[in-house]
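Numbering (this note's numbering), first residue to last: 1 to 246. The beta carbon of each residue, even a glycine, is placed where N, CA and C say it ideally should be. Written out below as structure tokens is the structure these notes cover.
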């Protein structure tokens, strides 16, 4: 494969810019996100720290990629529209492609090529297949046969991971295709119709974190050897945009 730009580096630079200005962003959004999801761990006498940190990562990802609070722009879009003076043209071109193509979904893991850092993934929701650059996913031997929930974008001709949320489900694709995390469930139509309008990412976070989420009882976060660096990254971000759960 020819060399290509790794967009996650540009996304991380954008995230760092907003972390330094988090008071401008957060306002009521942290409270809104926490009240919308109503995380189960908030009801525990001794909440799981890792669960809280991962929930905050979900909040940060929603805020940067999906929350249109700056004149109808997400923070990502606002950064591209009025970039800091130090951001070079190549980085802006990369982020423009992220804005145009990024989306979050659950994907069946069809094949992983560890040395190349490439994985063949099939979107559970529509059946489309993608060749995705994700060295972290490829490095974890235990992540196979099930599904992975993450955000990808096509930049420099290559689909690649651009978000921080990365959650593996060992259940086979067929078991979760029609009614898995992120889908609109029958009980949602009856008691939470607003969720159908909130988008796949919010529904996914609700399903796995909410006290009323269909899958929160099965949610487990585990350390992996390959995940040690990710844990350090998560801990660092905990001191950044860490609004809804402390």
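Could you name the residues that DSSP lists as bridge partners for residue i?
i: residue 150; result: 105 and 166
i: residue 73; result: 70
i: residue 124; result: Answer is none; residue 124 lacks a bridge partner.
i: residue 214; result: Residue 214 is not bridged to any residue.
i: residue 161; result: 152
i: residue 111; result: 120
Within 10 angstroms of its Cβ, does residue i collect 16 or more other Cβ (buried), or is it exposed?
i: residue 28; result: exposed
i: residue 94; result: buried
i: residue 106; result: buried
i: residue 216; result: buried
i: residue 152; result: buried
i: residue 128; result: exposed
i: residue 180; result: buried
i: residue 15; result: buried
i: residue 203; result: buried
i: residue 225; result: Model confidence at residue 225 stands at a pLDDT of 39, short of 50, so the residue's coordinates are unreliable; what they give is reported in the following sentence. It is exposed - the Cβ of residue 225 has fewer than 16 other Cβ atoms within 10 Å.
i: residue 61; result: buried
i: residue 40; result: buried
Starting from residue i, trace the alpha helix (DSSP H) in both directions and tell me its first and last residue.
i: residue 203; result: 200 to 209
i: residue 30; result: 29 to 37
i: residue 51; result: 49 to 65
i: residue 17; result: 7 to 19
i: residue 22; result: 22 to 25
i: residue 175; result: 173 to 176
For residue i, collect the residues of the same chain with a Cβ closer than 6 Å to its Cβ; drop the 5 residues on either side in sequence, then sort them by chain order.
i: residue 36; result: none
i: residue 58; result: 165 and 205
i: residue 156; result: 4 and 5
i: residue 10; result: 91, 94 and 95
What residues in its chain sit with their C-beta under 8 Å from that of residue i, if we drop five residues either side in the sequence?
i: residue 145; result: 109, 170 and 172
i: residue 199; result: 66
i: residue 7; result: 94, 95, 97, 98, 153, 155, 156, 160 and 162
i: residue 137; result: 109, 112, 119, 143, 148, 150, 161 and 166
In the DSSP assignment, find the beta strand (DSSP E) that holds residue i and state where it starts and stops.
i: residue 130; result: 129 to 133
Since residue i and residue j are thought to touch, with beta carbons under 8 Å apart, how far apart are those beta carbons, to the nearest angstrom?
i: residue 256; j: residue 210; result: Outside the modelled stretch of the chain, which goes from 1 to 246, sits residue 256, for which no answer is possible.
i: residue 92; j: residue 80; result: 6 Å
i: residue 158; j: residue 133; result: 6 Å
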